[in-house]
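Q: I am attaching a structure below and will ask some questions about it afterwards.
2 protein chains.
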Amino acid sequence: MDPLSLEVVELIGTVVGRYYEEYERAAAEHSLTGAQARVLGLLALEPMPMRQIAHKLKCEPSNITGIVDRLEARGLVERRPDPADRRVKLAAPTPDGLTTATDLRDSLNFAREPLAELSAEERTALRDLLKRMLGA
Amino acid sequence: MDPLSLEVVELIGTVVGRYYEEYERAAAEHSLTGAQARVLGLLALEPMPMRQIAHKLKCEPSNITGIVDRLEARGLVERRPDPADRRVKLAAPTPDGLTTATDLRDSLNFAREPLAELSAEERTALRDLLKRMLGA
DNA sequence: CGAGTTACTTGACAATCTCAAATATCTCGG
DNA sequence: CCGAGATATTTGAGATTGTCAAGTAACTCG
């Protein structure tokens, strides 16, 4: 690989490290683990079956059972029957869970400091480059 | 937060997700966990005391003991005495570990596909923006 | 020398993850 | 309609990662 691409990969690695760290910190502030925060954040967008959570998070469905168990025990999530298929359980955030998810999103400071360094034009350029990099 | 910054954060979240996924995949191809791959990659740059690994990875030193144990059991890493301080154990990759670390780095495809989309000028622009975002 | 600090390990425990097996339910061909 | 096979979820075993508290060995400095 050319040195320029290598440098960019290196930088992205650093961004990934910082983002992850920040995400875990924000989750911990709400006494959540990273995995719990990710599931809750997903459900805050839209309730969904266990299987779909596993698919989005790229892990085994049996893993999701435990994570949702813990979120449910804390009253942040509930399992609802799917009217169309009795095998399926829809995981949905409770009002409390929705509040927590919103708080969590707001307390993800990652954006603030690092992006404040950039002008609006630079942020636009960054957005477009990332978009292109991630594919159409 | 303004909509533009929000969009950039969203995109960075996606990049982080893809990078992480790719990293785990590359590690798994070498029968390593992500944590083991991160420690091995760190030691491939430079042997260092257990404590320093923990500091770089932002976890407890007692955690590193187990990870290095497993890498050592597979012959990828060895513990050496520090001539200057008998309390300290320097973790260093074996020749085999160094080879694995190099293979691992090369098989991190993340860069290839996504960055191939960008021209050299765009990659330069991306590099500079990321650099600025990450601070001087 | 000796009190306090530092490096690493150990042990207990929680969370995450995988895999295989069990249960309940759905789907579809015959 | 019935039964074989597929699908959704859970359970249980086991590995790994992570924390914290305590223990051991070695360093530092007055």
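First to last, the protein sequences are chains E and P. Going by my numbering, the first sequence opens with residue 1, and the numbers climb by one from there. Going by my numbering, the second sequence opens with residue 1001, and the numbers climb by one from there. The C-beta atom is built at its ideal place from N, Cα and C for all residues, glycine as well.
(1) Please state whether DSSP places A37/E in a helix, a strand or coil.
(2) Quick one: any contact between the region 1117 to 1132 of chain P and the region 1062 to 1075 of chain P, if contact means 3 or more CB pairs under 8 Å?
(3) Measuring CB to CB, does R1105/P end up less than 9 Å from G1041/P?
(4) Compute the beta-carbon to beta-carbon distance between R1074/P and L1057/P, rounded to the nearest angstrom, for a pair I have assumed lies under 8 Å.
(5) Excluding the five sequence neighbours on either side, which residues of its own chain have a C-beta within less than 8 Å of the C-beta of T1065/P, listed in chain order?
(6) Within this structure, are the beta carbons of P47/E and P95/E separated by less than 9 Å?
(7) For the ligand SAM, I want to know if P1095/P counts as a neighbour, meaning its beta carbon is within less than 8 Å of at least one of the ligand's heavy atoms.
(8) Identify the contact partners of K147/E in chain P, using a Cβ-Cβ distance below 8 Å as the criterion.
(9) Can you tell me whether K58/E is helix, strand or coil according to DSSP?
(10) Between A1054/P and chain E, is the shortest Cβ-Cβ distance under 9 Å, so that the two count as touching?
(11) Going by C-alpha distance, which of D1085/P, E1113/P and E1024/P is nearest R59/E?
(12) Report the three-state DSSP secondary structure of A116/E (helix, strand or coil).
(13) From the DSSP output, which residues share a beta bridge with L4/E?
(14) Would V39/E count as contacting chain P if we go by Cβ distances under 9 Å?
(15) When the Cα of F1110/P is compared with those of A1027/P, A1120/P and L1004/P, which residue comes out closest?
(16) Assign S107/E to buried or exposed, taking buried as 16 or more other Cβ atoms, counted over all protein chains shown, within 10 Å of its Cβ.
(17) From R80/E to Q36/E, what does the alpha carbon distance come to, in whole angstroms?
(18) Less than 9 Å between the C-beta atoms of H1030/P and D1085/P, yes or no?
A: Quick look at the numbers:
(1) helix
(2) no
(3) yes
(4) Their Cβ separation, rounded to whole angstroms, is 19 Å, which puts R1074/P and L1057/P out of contact at 8 Å.
(5) M1050
(6) no
(7) Among the components of this structure there are no ligands whatsoever, and the ligand SAM is therefore not found.
(8) A question about residue 147/E goes unanswered here, because the residues of chain E that appear run from 1 up to 136.
(9) coil
(10) no
(11) Correcting the residue identity first, residue 59/E is Cys in this sequence and not Arg. Selected option, being the one with the closest Cα: E1024/P.
(12) helix
(13) Bridge partners of L4/E: none, in fact.
(14) no
(15) A1027/P
(16) exposed
(17) 18 Å
(18) no
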